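Residue numbers (my numbering), protein chains in the order written: chain U, 18 to 442; chain L, 18 to 442; chain V, 18 to 442; chain F, 18 to 442. Right, one structure below, let's go through it.
4 protein chains.
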Amino acid sequence: MAIVDSWTSARAARQVLALARKLLSERGQANSLGLAQDLIGRMGALAAPAWPAVFDKLAADFNPEPDAVLRAAQAYADAPGTETLRALTELSEPPRQELFRRLNRAPGGTGTLVRMRRRLLEGLKAHPDWRMVDADLLHLLSSWFNPGFLEMRQVDWNSPAQLLEQIIHHEAVHAIDGWDDLRRRLLPDRRLFAFFHPQLPNEPLIFVEVALLADMPDAIAPLIAKRSEPLPASSYKTAVFYSISNCEPGLRGVSLGNFLIKRVAEHLKRELPRIRQFCTLSPLPGFAAWLQGLSSLDDLPGLKPAQRERAAQALERLRHHSAAALAGPAALEDEALQADLRQLAAVYLIGQTPLPGGDPVARFHLDNGARLERLNPGGDRSAKGLKQSHGMMVNYLYDLDRIEEHHEAFTQGEIATARAVSGLL
Amino acid sequence: MAIVDSWTSARAARQVLALARKLLSERGQANSLGLAQDLIGRMGALAAPAWPAVFDKLAADFNPEPDAVLRAAQAYADAPGTETLRALTELSEPPRQELFRRLNRAPGGTGTLVRMRRRLLEGLKAHPDWRMVDADLLHLLSSWFNPGFLEMRQVDWNSPAQLLEQIIHHEAVHAIDGWDDLRRRLLPDRRLFAFFHPQLPNEPLIFVEVALLADMPDAIAPLIAKRSEPLPASSYKTAVFYSISNCEPGLRGVSLGNFLIKRVAEHLKRELPRIRQFCTLSPLPGFAAWLQGLSSLDDLPGLKPAQRERAAQALERLRHHSAAALAGPAALEDEALQADLRQLAAVYLIGQTPLPGGDPVARFHLDNGARLERLNPGGDRSAKGLKQSHGMMVNYLYDLDRIEEHHEAFTQGEIATARAVSGLL
Amino acid sequence: MAIVDSWTSARAARQVLALARKLLSERGQANSLGLAQDLIGRMGALAAPAWPAVFDKLAADFNPEPDAVLRAAQAYADAPGTETLRALTELSEPPRQELFRRLNRAPGGTGTLVRMRRRLLEGLKAHPDWRMVDADLLHLLSSWFNPGFLEMRQVDWNSPAQLLEQIIHHEAVHAIDGWDDLRRRLLPDRRLFAFFHPQLPNEPLIFVEVALLADMPDAIAPLIAKRSEPLPASSYKTAVFYSISNCEPGLRGVSLGNFLIKRVAEHLKRELPRIRQFCTLSPLPGFAAWLQGLSSLDDLPGLKPAQRERAAQALERLRHHSAAALAGPAALEDEALQADLRQLAAVYLIGQTPLPGGDPVARFHLDNGARLERLNPGGDRSAKGLKQSHGMMVNYLYDLDRIEEHHEAFTQGEIATARAVSGLL
Amino acid sequence: MAIVDSWTSARAARQVLALARKLLSERGQANSLGLAQDLIGRMGALAAPAWPAVFDKLAADFNPEPDAVLRAAQAYADAPGTETLRALTELSEPPRQELFRRLNRAPGGTGTLVRMRRRLLEGLKAHPDWRMVDADLLHLLSSWFNPGFLEMRQVDWNSPAQLLEQIIHHEAVHAIDGWDDLRRRLLPDRRLFAFFHPQLPNEPLIFVEVALLADMPDAIAPLIAKRSEPLPASSYKTAVFYSISNCEPGLRGVSLGNFLIKRVAEHLKRELPRIRQFCTLSPLPGFAAWLQGLSSLDDLPGLKPAQRERAAQALERLRHHSAAALAGPAALEDEALQADLRQLAAVYLIGQTPLPGGDPVARFHLDNGARLERLNPGGDRSAKGLKQSHGMMVNYLYDLDRIEEHHEAFTQGEIATARAVSGLL
């Protein structure tokens, strides 16, 4: 049985590759479309066990010819010019790229390539050479899913049920507990915006959830409470990005969140001129693990001696609590302990080298040009929040007039930090 | 005055280039969007005299580093692998491409690049080195305007007036003489389909006009008559593509017409299952000039001796008529003369090497997989028709089941030809 | 406190009535709109206790003047003609109608009147004189909600969530148990169609649910099973209307269901030419109560002696079972008992005078021109089904070519009945 | 031949009437729809000569029964109550109304009735008894085309060509000279709004053209100049209704213009908060004819002696000019003459009894609550303008806060008049 399956898989993979080679060798475009449609059909029907063979071949066989490239590079170096350059760029581009472009021309091609990359990424660790294939896919998808081509749509209770169902499914930060919970998140003081691509009109690519509040929030629970009373529009002063979720793993590495946040901020500024500030209420997912693994503060060269001294004292005090105790609800009631946690969270965010250590959420917002605004101990009292970050949450502030400046500074290794945080050190 | 202008132009061009370099050097994506928007604004405001300096620099300065490429090619040749390949592809791609991709990310970027290429093409002959810039633009635009991203829409009398106005303006084959003429071409027995890109939703890229008839037509006049009575739907048996027009010179070389014709054919087949055949009624624009310049038939090696003999006799007979006479309406009444013209049109289409000589319309349809079906002397009695082709028109037949086969044959140097035409030789 | 409330109510009612009189007395139309908008606002804010006073006055004060009408009728009888007729129709129409028409002209007017009638109907039994108001409202709403003005829309999983939520809420026949249940009822082999009015674009007025099946069904459970596998489209042969629900009590008496069913049938016939038959699977809600109250068959003059004899035997046998036993699940397993129930159901439907007794569902479909096609004992095994109809369900067949004939017969007191049912007597 | 036609007509009319009687006698609603559809089909095919017979019968045969009405009126007078009222309203309503309501239920019914009334109105003068039919049609159409059911849409250069074509066709005040002229009237400083009914979604019912200007205009030519430069949005201070046209003669008497103007004014106020005033620039169509027929000012009792004296002097001076001279372009250059005309125009508008004499445009705006704001001699120098009104144009001002007050005053016989006009007397 397994042997039969394996035979079938191998044959299906060979057929896909043969068709791919045929599509790539097609000179004109008259047949390309038909061939691409065939290939898309076969790829859609290809079973999981058949894919590794396809990826292996895509990585091994669809590369530039080393000798030809070398000759072209030599010719270009000898006489840089239109013709030598053309030859060079043609020969040095992996033929895979042209194959993917041709697939993308046919109906359903874009979706097929995105789904193919999803599979590829799942096996990437085990097959390092597939990275060559991935580089080409990422290069092309970044071009095709560039924000100029994306459409931002507000999702609300008037949106199609099939779309809302996907939102429920993909919310990755603060899970949505069914339709009633979603409905609350779509009342007027909550907004949800998503990016769509014209080729995948019914599939949200990424979405962000926004709460319209009077003030910058210090805890997540009220924002996602299912039965809270909606705030009247006259009170909206602060727009809080409290959750951002990617829906499509096949687009990993394609920059979307950054553009979505900024486009939403501009949209809300126009619609609600009273909004004074845009900020986040974000988790600090790596904090607990970092703290756990922290033996000393010596390898944090960014701290000044006095800072290091005080942080070491805080760390010392924390050592008296077991890991379980630190991640338990009782810890939230211990004010001194919370103060120590806050101080070490500041160290975690602005004391590491390179900044901001390994925290992906912090890196995302800071690289976007946000400012590290406030630390909120006890901001997330969920089990997950306690376990990953001892309940700590962070506000990052998006000051639309200064995000370029902050981003610039961040690329120079400097974090824009409000005094409320920097003063903790 | 001219000096002042020239100074202003030069300064504006320098500013554009400086911004372009800044955009390209930006590492993260946070600032890219803002920079790209600035650059798009400046490019939109750049006066005509400033562009050549921009194009010169784009051609001269945004190229791969010859030495770096050579080293990367050597490294790749020594040890082909993920890392050496990544280095090679990065270093051998002209940095212009990344610049254009970043522009394309911002609102309005796509349109700006298309309009920039329009300008570039206008000066290409005079500035051969701009071809390097053009190659990169074409490469990227082909990827962004691939048919998978395009939307086909039917244009009819319910379409927005602003769109219909563009159709009137861009019809290149059989000019539309105002709104009443257009209206006739949108009655139920005439159809018009266009491609649109999501980034340019109000600008048709290319459109094709279709007549629904009982039989394959042999003359254009009845198809574009302003006051003709619409045919009842029950009589539709043949769909005739009688005009195809590109609207956007900045997309020259991006393959659109081929895909449009096929998508329209599929659409009509679904909507009107009674349609039995799809064909064109096409001009033969190079015929008169070719005939004029034809001194002998000796350099047409494709002809067999007997064919050459008969064609030479026909040519000889035509020599008795002046060029003016051949392009005059009286010639249309001379049956013997028309027979000679038809024979030589067959030679023009299937006797040249390489096939089909320099006729762009014939090349377009034959490469698409159409069959050369019939020659129609006197099919176009307009002044332009008489002048360019002595009134000759051609039907190319799109047999949807055989277009791949015909295309394949054409790439091998063979033209699919109906006996009605091949028999003329 | 109650006294204060009562004072407030009385004052609010007086204000509404004063405004109503002002609106009615307005001669031109310039001010009508503003007055109507004011009145709509006040009516929307009127608390429940204030309404009876409004309805009382509407019934008492907005009537034709008896003397004036009598004089006009005399004048018309003396000299029938344009002027006497005009005077008569003007004077005999209750001024309420003009009031309601003026309200209906303003934004939100239609909805306000529909909601007002909803309240009025709730109190109609206790206030018989309100029937005069109701007659005028029904007269006008029938004109404004005539099917020519309604839009039929298919509701599916792509419909707005807010609409689907209303569907879940209003399904009156076979309750929808949440979003997953609804989703199953919107898969391709289930359809849902609703009527909308342009003035109330987000409020479904009535909807019908359809199952696409191979054969006429004899039980409801498989049709509303939450996890059933969708049938492939190639198997659709029968369209079954298995549930029809009104959403708006304020439109009671306005004929909607009849038109909806026919429009849906025509729509499905066009979309799915393979559908051979349209039928219902309907409850028999009054059957159990009728049977319970049936002392003898003597007052069913429609039965012939032999029929009466056999029915009486069946009835006699049923007397041996307690009411609880008849409505219990065990009864479903007793074949003889089910046969007796089926026979008496036939008596219930076609033996009463006038036909079909008091069963509203039967009356609805038979008056629509459907044929009584089949009785299905045990078709509804739910507690409600057992209690109301001993589990009996009915198929009514909509033969589109014969519905007029059947309807005609029904108005003459004759029920179109398939032999499978008439043979039971 | 004529005899044959007449026979055919008579038969077709009889068939229509027979079907109408059948539809009306139908008790249930099951067959109504089918019958109504048949009848609509036949009415659509009915030739012009057949209609008078239909209208004659509709006027003669579909009336209330005099005796029955009289008995019902007596019964109602004896005992006013629910049942006697119901009987009265049923018996006194002409059965025509129910017939028309049933027609209106079927697809296409509304359009059929509107077109039928168009025909009816054309023959109304010659057939006074058709007024009974017209009264019923107007009664129902007023209810169905009430503004609450109408949709206001802005028409612009993005609107469907088929709609724009109708606009060109129906503009009745200042003719639109083809597509280019229309295009100018749709540039940003010109607006066009129309009412549509859901049952006739592609047919504008009435439309108004608006110019956005800095100041109240005193001449029409610049507003409708084909090549004028659009005004920048920052200059818009005044919105001028410069043309209002009904598209559907079958809706004569149904109040639409009043509501359209107010809804447009509210829409513009929201969109362009800088707009300070709304006014018209209107013709004075009856002025020249009135002046021509004016023998003395004695029958204008509204004038005070001094006013009469001065007006008589002006009239005397005008007597020195021939009618042709007064309607010629030279008259426009004679300042003294223009002053006299202005004075008499004021007399024409505010000196007649009842106000404002027979001028339909003045009556329309004044009854809407507008104020008579300014007289503009030489405002319309077109041949038609000179002939009908000696070139005089009028501004009526819509002060949204005071239109109710002005309308109220007008119904009391008083015209709201700016001092600039009243001072002329």
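Here a beta-carbon is modelled for each residue, glycine too, at the ideal position from N, C-alpha and C. Only a predicted model underlies this, so the values are computations on that prediction, with no experimental measurement involved.
Residue burial classification, residue i (beta-carbon count within 10 angstroms, cutoff 16)
| i | result |
| --- | --- |
| residue 417 of chain V | exposed |
| residue 350 of chain V | exposed |
| residue 205 of chain U | exposed |
| residue 337 of chain V | exposed |
| residue 24 of chain V | exposed |
Closest residue to residue i among the options (Cα-Cα distance)
| i | options | result |
| --- | --- | --- |
| residue 64 of chain F | F:29, F:78 and F:164 | F:29 |
| residue 122 of chain U | L:272, L:308 and L:66 | L:272 |
| residue 391 of chain F | F:282, F:232 and F:242 | F:232 |
| residue 240 of chain L | L:201, L:220 and L:251 | L:201 |
| residue 74 of chain L | L:289, L:431, L:423 and L:27 | L:27 |
| residue 247 of chain U | U:261, U:117, U:203 and U:257 | U:203 |
| residue 78 of chain V | V:113, V:307, V:224 and V:360 | V:113 |
| residue 413 of chain V | V:258, V:174, V:313 and V:56 | V:258 |
| residue 406 of chain L | L:50, L:281, L:340 and L:169 | L:340 |
| residue 420 of chain F | F:401, F:396 and F:383 | F:383 |
| residue 191 of chain L | L:332, L:266, L:280 and L:261 | L:261 |
Interface flag, residue i vs chain L, CB-CB below 8 Å
| i | result |
| --- | --- |
| residue 276 of chain U | yes |
Beta-carbon proximity list for residue i, same chain, < 7 Å, skipping 5 on both sides
| i | result |
| --- | --- |
| residue 59 of chain V | 32, 33 and 36 |
| residue 164 of chain L | 276 |
Proximity test, Cβ basis, 8 Å: residue i and chain F
| i | result |
| --- | --- |
| residue 18 of chain V | Per-residue confidence for residue 18 of chain V stands at a pLDDT of 45, beneath the threshold of 50, marking its modelled position as unreliable; no derived number is given. |
| residue 444 of chain L | Residue 444 of chain L cannot be examined here, being either before or after the span of chain L that is shown, 18 to 442. |
| residue 285 of chain V | no |
| residue 247 of chain L | no |
Own chain residues within Cβ distance below 6 Å of residue i, not counting five before or after
| i | result |
| --- | --- |
| residue 18 of chain V | Residue placement at residue 18 of chain V is poorly supported in this model, since its pLDDT is 45, which falls under 50; the coordinates are not used for a value here. |
| residue 76 of chain U | 146, 147, 149 and 150 |
Partner residues on chain U for residue i, Cβ-Cβ distance less than 7 Å
| i | result |
| --- | --- |
| residue 149 of chain L | 99 and 102 |
| residue 165 of chain L | 121, 122, 123, 124, 126, 127 and 216 |
Minimum Cβ-Cβ distance from residue i to chain V less than 8 Å
| i | result |
| --- | --- |
| residue 254 of chain F | no |
| residue 68 of chain U | no |
Cross-chain neighbours of residue i in chain U, by beta carbon under 8 Å
| i | result |
| --- | --- |
| residue 407 of chain L | Within chain U, no residue comes near residue 407 of chain L; the closest Cβ sits about 30 Å away, beyond 8 Å. |
Residues that residue i contacts on chain F, provided the C-beta gap is smaller than 7 Å
| i | result |
| --- | --- |
| residue 83 of chain V | 93, 94 and 97 |
Cross-chain neighbours of residue i in chain L, by beta carbon under 8 Å
| i | result |
| --- | --- |
| residue 192 of chain F | Those do not exist, as residue 192 of chain F stays about 17 Å from chain L at its closest Cβ, beyond 8 Å. |
Partner residues on chain U for residue i, Cβ-Cβ distance less than 9 Å
| i | result |
| --- | --- |
| residue 307 of chain V | Near residue 307 of chain V there are no residues of chain U at all, since even the closest Cβ is about 41 Å away, more than 9 Å. |
Same chain only: Cβ atoms within 8 Å of residue i, ignoring 5 sequence neighbours per side
| i | result |
| --- | --- |
| residue 39 of chain U | 52 |
| residue 367 of chain U | 319, 373, 389, 432, 434, 438, 439 and 442 |
| residue 93 of chain L | 101, 102, 104 and 105 |
Interface residues of chain V facing residue i [CB-CB closer than 8 Å]
| i | result |
| --- | --- |
| residue 3 of chain F | This structure leaves residue 3 of chain F out entirely; chain F is present only between 18 and 442. |
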